[in-house]
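J.: Numbering (my numbering), first residue to last: 11 to 264. Heads up, the beta-carbon is just placed ideally off N, CA and C, and yes, glycines get one too. Keep in mind the model is a prediction, meaning the values are calculated, not measured.
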């Protein structure tokens, strides 16, 4: 048999506490509740501080001072794009002002929610974007974080928002998921399935595809960290070169 203890409302307990008429279990409840709230506030502050520290430490998030004579490029993507942001910026120095969104883009559902903030009010000439590794991540319930039908739907919504800017769009497909036990859990082969779904969407909108999957696959044992979706420093340099070259090609500078 389950015994459930019901506590009175918090404001009523506080009034009794001030009058000195609280029972012991009510005092315990009040203290536990206050302690829990303090932990929640502390955790939130720590998370915010950690995110700010990461941005301060990682040069990918450095402020970009635009040269008004150059086109503005925006990189949208997850940690893979964070890894190649600095190489792209260096390779396009004097060619373009290379910005990136101020965070890991995460899954497409996050992109749908935040794309307006990421685009801001400024004019973009080229937007190079990717979503996928976080969508195909397998959660505790055994489902993907974003199932493939929703993934395609979300991509369409994100593209519609980006199209409104008048920018040239370039899709970067998702880099390979290696075989083996990964943490967080991802399944090799899902990368191919999700890339196929994304390719269909890009065809609908006539968006060129930067095939980072095939590029990385041809060098995978040399550039990817073992049993990990992330890349070595050399790997990010090579991905950055591929991205920079594709941006120059699509902008007519290659």
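Below 7 Å between beta carbons: does that hold for residue 80 and residue 107?
T.: Yes.
J.: So, residue 137 versus residue 179, is the Cβ gap smaller than 7 Å?
T.: yes
J.: Since residue 257 and residue 102 should fall inside the 8 Å C-beta cutoff, what is the C-beta to C-beta distance between them, to a whole number of angstroms?
T.: Contact holds; Cβ gap of about 7 Å.
J.: Let me check understanding here. Comparing Cα to Cα, which of 214, 239, 99 and 215 lies closest to residue 8?
T.: There is simply no residue 8 to check, as the chain begins at 11 and stops at 264 in what is shown.
J.: Can you give the Cα-Cα distance for residue 74 and residue 109, rounded to whole angstroms?
T.: If I take the Cα positions, the gap works out to 6 Å.
J.: Looking only at its own chain, which residues have a Cβ that is under 8 Å from the Cβ of residue 126, when we skip the five neighbours before and after it?
T.: When the five nearest sequence neighbours on each side are left out, the beta carbons in the same chain lying within less than 8 Å of the beta carbon of residue 126 are those of 171, in order along the chain.
J.: If you compare alpha carbons, which of 233, 147, 104 and 223 is closest to residue 191?
T.: 147
J.: Do residue 96 and residue 70 have their beta-carbon atoms positioned less than 7 Å apart in this structure?
T.: yes
J.: Would you call the CB atoms of residue 231 and residue 183 closer than 7 Å?
T.: Taking the C-beta atoms as reference points, residue 183 is found no nearer than 7 Å to residue 231.
J.: Using a 10 Å radius around the Cβ and a threshold of 16 neighbouring Cβ atoms, would you call residue 250 buried or exposed?
T.: Burial call: buried.
J.: Quick one: Cα of residue 233 to Cα of residue 248, how far?
T.: 8 Å
J.: Tell me the rounded alpha-carbon separation between residue 142 and residue 163.
T.: 13 Å
J.: For residue 119, which residues of its own chain have a beta-carbon under 7 Å away from its beta-carbon, when the five flanking residues on both sides are left out?
T.: 156 and 164
J.: Tell me whether residue 138 sits in a helix, a strand or coil according to DSSP, three-state version.
T.: strand
J.: Helix, strand or coil: which one does DSSP assign to residue 238?
T.: coil
J.: Can you say whether residue 59 is buried or exposed, counting buried as having 16 or more other CB atoms within 10 angstroms of its CB?
T.: Since pLDDT at residue 59 reaches only 48, below the 50 mark, its modelled position is unreliable, and the value read off the structure follows with that caveat. Residue environment analysis places residue 59 among the exposed positions, since fewer than 16 neighbouring C-beta atoms fall within 10 angstroms of its C-beta.
J.: List the residues that DSSP assigns as beta-bridge partners of residue 178.
T.: Assignment of beta-bridge partners to residue 178 by DSSP yields 136.
J.: Out of 85, 200, 198 and 199, which one is the CA nearest neighbour of residue 140?
T.: The candidate whose alpha carbon is nearest that of residue 140 is 85.
J.: So residue 6 is in the beta strand (DSSP E); what residue range does that whole segment cover?
T.: Since the first and last residues shown for the chain are 11 and 264, residue 6 lies out of range.
J.: Check residue 151 in the structure and name its three-state DSSP category.
T.: coil
J.: State the Cα-Cα distance for the pair residue 132 and residue 174, rounded to the nearest angstrom.
T.: 12 Å
J.: Relative to the C-alpha of residue 196, which candidate in 209, 116, 149 and 67 has its C-alpha closest?
T.: 149
J.: Residues bridged to residue 68 by DSSP?
T.: According to DSSP, which records beta bridges pairwise, residue 68 is partnered with nothing at all.
J.: Please state whether the Cβ-Cβ distance between residue 201 and residue 186 is less than 7 Å.
T.: A contact, by the Cβ cut-off of 7 Å.
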